[in-house]
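**Q** Take this structure first; my questions come after.
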Amino acid sequence: MTLAQQIDLSAISDVTPEGSDYETVRRVIEMLTLDYQSQPSLETMAVRLGQSPSQLQKTFTRWAGLSPKAFLQAVTLDHAKRLLGREGMPLLETSIELGLSGPGRLHDLFVTHEAMSPGEWKAKGAGLTIRYGFFPSPFGLALVMATDRGLAGLAFADPGGEAACFDDMAERWPAANFVADQAATAPYAARVFDPAKWCGDQPLKVVLIGTDFQVRVWESLLEIPLGKAVTYSDIAARIGQPTASRAVGAAVGRNPISFVVPCHRALGKSGALTGYHWGLTRKRAMLGWEAGKLGG
DNA sequence: CAGTATGACAACA
DNA sequence: TGTTGTCATACTG
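47 is the number of the first residue of the first sequence in the working numbering; add one for each residue after it.
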């Protein structure tokens, strides 16, 4: 059975305005960052997209809560360095000491997490049933995967890339049993992408499936608050292996629950956005979108 | 063993 | 100042 047969793509519509906006927004961000030197005007970009400038402005603002110009401001190197916080590595330390996290309060979502036992990980997901579904999101089509213990995977597909996206995720747990199930996964999608539903009554349960080292890195990521960022070496220090920044990068890159585990808030020491599994443009989009949600 | 979403440093323009 | 290349490093599959 092919993926297209498993998934009823026709059942997916861009029901949220933000969901249908992303493709436009993505191209704007691409233009802005590709020729950041020439700084294309709103009008120039609108022409290239075949829209009117005012229409484009409206679309972008609805999506980000920020005008394109303000958005660009929010993802500059300069701003990124501010997100990184001042001296040394206080960010990860303080967020814990303030009682913001601990086992209950992690991330901006009310997240509780559990890790798979080493045995379960070694089995490559054997005996595990993973339900999945595709949903529109502010960052394009999102693939949600969940076990009965909680959210296990979140990925993004470019238009037409649904199958590749699914494969990318599925091969992480090759022995698992995958079941298409829009109904079971929909609540996760609804919750995760609506900031109004964050910090809610019920904690969002996530299941971290990975090696010991990876899980430790992902737990560190969960402690980064909204609107903040850390460097790969910060994380390395945090898990007690200050020289393992590069290995941290590799582990961050394998994060299966993107966005929820905020891997987009890991930056290079210079503040540069160094990489993102689902595309640098999307990482930029997430950081700018969050800047908009911050009240800016 | 090879690959990596790093980081530090040197050598440029 | 900003960009580019090189190299050491630690952990994964």
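All residues carry an ideal CB built from backbone N, CA and C; glycine is no exception. Owing to the predicted nature of the structure, the values given are computational and were not obtained by experimental measurement.
Quick check: the Cα distance between D194 and A290, rounded to an integer number of angstroms?
**A** 34 Å
**Q** Is DSSP giving H159 helix, strand or coil here?
**A** strand
**Q** I need the straight-line Cα distance from L191 to S304, nearest angstrom please.
**A** Note that residue 191 is Met in the sequence shown, not Leu. Their Cα atoms are separated by approximately 11 Å.
**Q** Can you tell me which of L200, V157 and P164 puts its alpha carbon nearest to the alpha carbon of I176?
**A** L200
**Q** For L189, which option in S98, V252 and F212 has the closest C-alpha, if you only look at C-alpha atoms?
**A** F212
**Q** Please go through the same chain and pick out, in chain order, the residues whose beta-carbon is closer than 8 Å to the beta-carbon of S279, but skip the five residues on each side of it.
**A** P288, S291, V294 and K315
**Q** Can you give me the start and stop residues for the beta strand (DSSP E) that K315 sits inside?
**A** Here K315 belongs to no beta strand (DSSP E), and DSSP marks it neither H nor E.
**Q** If you compare alpha carbons, which of A337, D124 and W244 is closest to D154?
**A** W244
**Q** Determine whether the beta carbon atoms of V261 and G196 lie at a separation below 7 Å.
**A** The answer is no: Cβ separation not under 7 Å.
**Q** Grouping DSSP H, G and I as helix and E and B as strand, with all else coil, what is G325?
**A** Three-state DSSP puts G325 in coil, outside helix and strand.
**Q** Taking all protein chains shown into account, do 16 or more other C-beta atoms lie within 10 angstroms of the C-beta of K329, making it buried, or fewer, making it exposed?
**A** buried
**Q** Does the distance from the C-beta atom of E76 to that of P184 stay below 7 Å?
**A** no
**Q** What's the gap between the Cα of K274 and the Cα of D214?
**A** 28 Å
**Q** Does the pairing of the stretch 296-303 with the stretch 78-86 give three or more beta-carbon distances under 8 Å?
**A** no
**Q** Using only alpha-carbon positions, find the residue among Y322, M332, I255 and V276 that is nearest to E160.
**A** Selection Y322, M332, I255 and V276 evaluated against E160 yields I255 as nearest (Cα-Cα).
**Q** Rounded to whole angstroms, what is the Cα-Cα separation between A209 and L187?
**A** Per the coordinates, the alpha-carbon of A209 lies some 12 Å from the alpha-carbon of L187.
**Q** With distances taken between CB atoms, is the gap from L250 to E336 smaller than 7 Å?
**A** Contact annotation: L250 and E336 have beta-carbon atoms that are not nearer than 7 Å.
**Q** Taking the CB atoms as reference points, tell me whether V238 and V307 lie closer together than 7 Å.
**A** no
**Q** To the nearest angstrom, how far is it from the Cα of R73 to the Cα of V276?
**A** If you take the alpha carbons of R73 and V276, they lie about 27 Å apart.
**Q** Near N223, which residues of its chain fall below 6 Å by C-beta distance, leaving aside the five closest residues on each side in sequence?
**A** T175
**Q** Tell me where the alpha helix (DSSP H) around A116 begins and ends.
**A** P114 to A120
**Q** Roughly how many angstroms separate the alpha carbons of K170 and P241, rounded to a whole number?
**A** 33 Å
**Q** Should T105 be labelled buried (16 or more other beta-carbon atoms within 10 Å of its own) or exposed?
**A** Classification for T105: buried.
**Q** Would you tell me roughly how many angstroms separate the C-alpha atoms of H125 and S66, rounded to the nearest one?
**A** Spanning the two alpha carbons is a distance of roughly 28 Å.
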